[in-house]
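Note sheet for the following structure.
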Amino acid sequence: MSLLSLDPVKLSNVPSSSDLLAAAREHINSSTTWTQKKSVGNIKIFTTKSTTNPGGPAWHCRVSEHGPDEATFDEFWQGLGVNHSLHEKEYIPEIQSAVLVTAFEPGVSEAWTMHYKLGLMVSRRTFTELVVTHLEETADTPGTPKVGWLVSIPFDASETAEHQALETKGVRGKYVSIEKLTQLEDNKVEWRMATCSTPGGWIPQFLSEMAIPGAIAKDVPHFLEWVKKNRTQAQ
55 MSLLSLDPVK LSNVPSSSDL LAAAREHINS STTWTQKKSV GNIKIFTTKS
105 TTNPGGPAWH CRVSEHGPDE ATFDEFWQGL GVNHSLHEKE YIPEIQSAVL
155 VTAFEPGVSE AWTMHYKLGL MVSRRTFTEL VVTHLEETAD TPGTPKVGWL
205 VSIPFDASET AEHQALETKG VRGKYVSIEK LTQLEDNKVE WRMATCSTPG
255 GWIPQFLSEM AIPGAIAKDV PHFLEWVKKN RTQAQ
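The numbering of the sequence shown is this note's numbering, which starts it at 55 and goes up by one.
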């Protein structure tokens, strides 16, 4: 089974951070060959059939570049790579709560349960995820661009009563997400994100697939506004 499958990993078979990152690197690097579907401003959206979940939901990828006036690499990393799930709750309006289930390696490999309110006519969703973050060790080597990684895969919290009690109530959704931050020339940053998901419940998969490109594109301005707000508060 692919480590990037939508099948949740259990406490007894949590992959190592290095194995999960290796699978993520290989998969997101292949996104340069995916089919471009649309552009939203400077955000490009690509898609491909799933090889990690054969016959299942497609993979969608968004790519955008940002100058230091919008956000520096360090601001991207502090916002996305540090306290990732808590920060997501601050800039993604649909997230109602973010709760730590367990930390396998604090700040590096943690399980979080996220509660989403997706709309008036849609039941609330719970996504419980293993979240792994990694900043390339070569980041301080002169002439070597900084690269940061964030990988999320579904986590099954049912093996212990303690973990299950922390999981928020709601229809169970599942997603896999890979985010790669790369420092480019002129201190620009490429933010590349690829995801595959299923909302669970009664939402038809084809409707979910239609909504994903627009939804992942919105996350970019949400995050940049959050950075701008934090800059203002720091002054």
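No residue lacks a Cβ here, since even glycine has one placed at the ideal position from N, Cα and C.
Nearest in C-alpha terms to residue 117, of all of 137, 89, 218 and 143, is 89. The count of Cβ pairs closer than 8 angstroms, one atom from the stretch 209 to 223 and one from the stretch 161 to 168, reaches three, so the stretches are in contact. Residue pairing by DSSP places residue 170 opposite 149 and 179 in a beta bridge.
The Cβ atoms of residue 152 and residue 140 lie closer than 9 angstroms to each other. Note that the C-beta distance between residue 242 and residue 121 is below 9 angstroms. Every beta strand (DSSP E) stretch that sits fully inside the stretch 94 to 136 and reaches 3 residues is listed by chain position as 97 to 102 and 113 to 120. Excluding residues up to 5 positions away in sequence, 102, 104, 248 and 250 lie with their Cβ nearer than 6 angstroms to the Cβ of residue 113 in the same chain.
The three-state secondary structure of residue 187, taken from DSSP, is strand. For residue 247, the beta-bridge partners assigned by DSSP are 116 and 233. Excluding sequence positions up to five before and after residue 59, its CB lies within less than 7 angstroms of the CB of 106 and 107, all in the same chain and listed in chain order.
Under the three-state reduction of DSSP output, residue 280 falls in the helix class. Its chain contains 167, 209, 211 and 221 as the residues whose beta carbon lies nearer than 6 angstroms to that of residue 182, once the 5 sequence neighbours on both sides are disregarded; these appear in chain order.
DSSP lists no beta-bridge partner residue for residue 69.
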